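Below: one structure, written as structure tokens.
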Amino acid sequence: MKYPHHNPLKSLHWWKKATAYQIYPRSFYDTNQDGIGDIPGIIEKLDYLRDLGIDLLWICPFYQSPNDDNGYDISDYQAIHPDFGTLSDVDNLISAAHQRGIRIILDLVINHTSDEHPWFIESRKGKENPKRDWYIWRDAAPATPQKITDEPNNWESIFHGSAWEYDAHSEQYYLHLFSKKQPDLNWENPEVKQALYGMIHWWLERGIDGFRVDAISHIQKKHGLPSLPNPNKQKHVSSFEYHMNVEGIEKHLFDLKENAFSPFDIVTVGEANGVSAEDALPWVGEEDEQGKSGVFNMVFQFEHMTLWAEEENRDSFNLIEFKTILTRWQNALEGKGWNALYLENHDQARSINTFADKTQAYESATALAACYFLMKGTPFIYQGQEIGMTNHQFTSLNEFNDVSANNLIKKLKEKGKTDAQILHLLNQVSRDHSRLPMHWNDQAYAGFSTVSPWIRLNPNYLEINVAQQQKDPDSILNFYKKLIRLRKSNLSLIEGRYQLMLDDDPQIYAYQRISSDMTWSIITNLSGRESKVDLDLSSLGECVLNNQTTNNKNKKSDFLTSKIAPAYCAYVFVKKN
Ligand code: GLC
Ligand code: CA
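Counting from 1 along the sequence shown, just add 983 to a position and that's the residue number in this note's numbering.
Listed below in structure tokens is the structure:
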């Protein structure tokens, strides 16, 4: 996307100062003993969130849904799935949160609906149906001897397998970039947009404070839906190139902004897979002199995560690459846009396992926390991250719940992979890791419910849980609280410019946040070995926060004199300029 940007007007919106927390409601807290987290469960935990220092919640879908993709397959946007409660529970949640100064954004899933949505039920009735063109239907491709299938093109679904599903009744295929129960809406059809905008207004008028906008970089498909290049003659090609951030998407995005979002004073966060720092301004740019601005207030960029690259084993974490990517985003948006900062969400394995070392969980969790949290942007914490929840060790392929994992298992088996190989892979990357129930205490079912939960529990709730960490001043939870309070009480940590230090150091992630009156220096060792830090530490001012405790495995550090940074350490310095 091309979009000119000069001399932005800077304004300190509430959402820039906020600390955000993501809730996967099914696994957060169950109040009616059915083993499923619910909306009253969120209300009950608002005081916990307030005490943590949260002022913005992103809540994953709780709408009516057949749950093929746990609620991301919506069959009624304006109804609540009975597992979660009722519309009046939602109204109560909004007012209970607002009473505590916590704002709420909901998940807006508008790339696709469920195949059980009334729009799709109509659409699949036949070629003449008025809603036929609300989705993307195509004839079978003419069969030729060279053709491997007669599907309209060779795209693979993001959730593996074909992106096309044949409907025998109407004798055409429909496109689904995600599961076959998530048909893609046709954004070229103005009626679809009007229907979606009406639904968006309905939610905004209920008093929510904005949206996290799901899979929005996929709404535009490459014109003509051509097949992807296929040198290896595969049945389906697993590239997103023809349906992710492709040319023409901007007209839909600006239309969405103008007609659905702009009349309201809200915050919007786009899920922007495939958007790079170089083309970020049309997505998140702040108002310029001509009064033009990007579509969203923030985006979740994907470059530092390997989401959907599920087939690749994650051998080692490359810190230099991680620093390069995050620094590129920090620099690209400096004074022009705003970052959403995150290391975890409901689509990712736990960050301690992915980026650090679960055998040094306290050190890993707190060093990662200090590192990402104090960058410039709005930090998001995913439920359980604040207590250092880790991945689960699955022992069999039939233990996975996620539709994407199950499709991947099928595909890899067809490719000849052994069960052990697939299990090894999913134990690193499965989305189920982060969807296991929240650990509230060491009682039955981790205090999540009084009955067996909808999905297995990680047995390590006995050691890793909220109740235990609340009692321990040196816990991960209390470190997060300190970080949140530090950021909240220092405007320079919100507005200050980011500056990377020790760019080429393969173990240390160090950066500064510089404002007119203060310079903060954040030094973390994101490796499992100690490392000499090549900086004049005495020039950095006072050390106001670190993750060294008397009971962690590292010796109480003499970092300042020796300059030896222990494995997974974090130090935050500040000085007046
Ligand atoms: C987004 C969501 C993910 C969901 C997918 C399809 O990537 O984060 O959980 O499965 O979209 O809606
Ligand atoms: Ca429940």
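Beta carbons are placed, not taken as given, at the ideal position from N, Cα and C, and that holds for glycine.
This one's a predicted model, so the numbers in the text were calculated from it and none came from an experiment.
Here C1354 carries a helix assignment [DSSP, helix/strand/coil]. For the stretch 1160-1209, the full-length alpha helix (DSSP H) segments reaching 4 residues or more read 1173-1188 along the chain.
The DSSP assignment places complete alpha helix (DSSP H) segments of no fewer than 4 residues inside the stretch 1079-1141 at 1101-1106, in order along the chain. Taking the Cβ atoms as the reference, F1338 lies roughly 16 Å from L1357, outside the contact range of under 8 Å. As for any beta strand (DSSP E) of minimum length 3 sitting wholly inside the stretch 1505-1542, the runs are 1525-1529, ordered along the chain. Setting aside the 5 residues that flank it on each side, D1517 is surrounded in the same chain by L1485, D1488 and K1546, each with a C-beta closer than 8 Å to its C-beta; the list follows chain order.
Where K1559 is concerned, there is no enclosing alpha helix (DSSP H), although the beta strand (DSSP E) around it starts and stops at A1553 to K1559. R1496 and G1479 do touch by the CB rule: their CB atoms are close to 4 Å apart, below 8 Å. The stretch 1069-1085 makes no contact with the stretch 1095-1102, as fewer than three CB pairs between them are under 8 Å. E1525 is positioned such that its CB atom lies no closer than 8 Å to that of K1471. Per DSSP, the beta bridge partners of T1502 are I1497 and K1558. For Q1331, there is no enclosing beta strand (DSSP E), since its DSSP letter is neither H nor E.
Going by beta carbons, C1043 and H1329 fall inside the 8 Å limit. Uninterrupted alpha helix (DSSP H) stretches at least 4 residues long and entirely within the stretch 1373-1413 occur at 1386-1397 and 1402-1412, given in chain order.
For the pair V1267 and N1280, the CB atoms are nearer than the 8 Å cut-off. Residue selection by CB proximity (closer than 5 Å to any heavy atom of ligand 2) returns D1013, N1015, D1017, I1019 and D1021 in chain order. Our two residues, T1544 and S1522, have alpha carbons roughly 13 Å apart in a direct line. The straight-line gap separating the alpha-carbon atoms of L1089 and V1282 is approximately 15 Å. DSSP, reduced to helix, strand and coil, places D1030 within a helical segment of the structure shown. A contact is defined here as three or more CB-CB pairs under 8 Å, and the stretch 1032-1041 meets this definition with respect to the stretch 992-1006. The three-state secondary structure of S1145, taken from DSSP, is strand. Distances between the C-beta of F1161 and the heavy atoms of ligand 1 include at least one below 7 Å. A Cβ-Cβ separation of about 4 Å places I1459 in contact with G1371 under the 8 Å criterion. Note that the stretch 1386-1398 does not touch the stretch 1348-1363; fewer than 3 beta-carbon pairs, one per stretch, sit closer than 8 Å.
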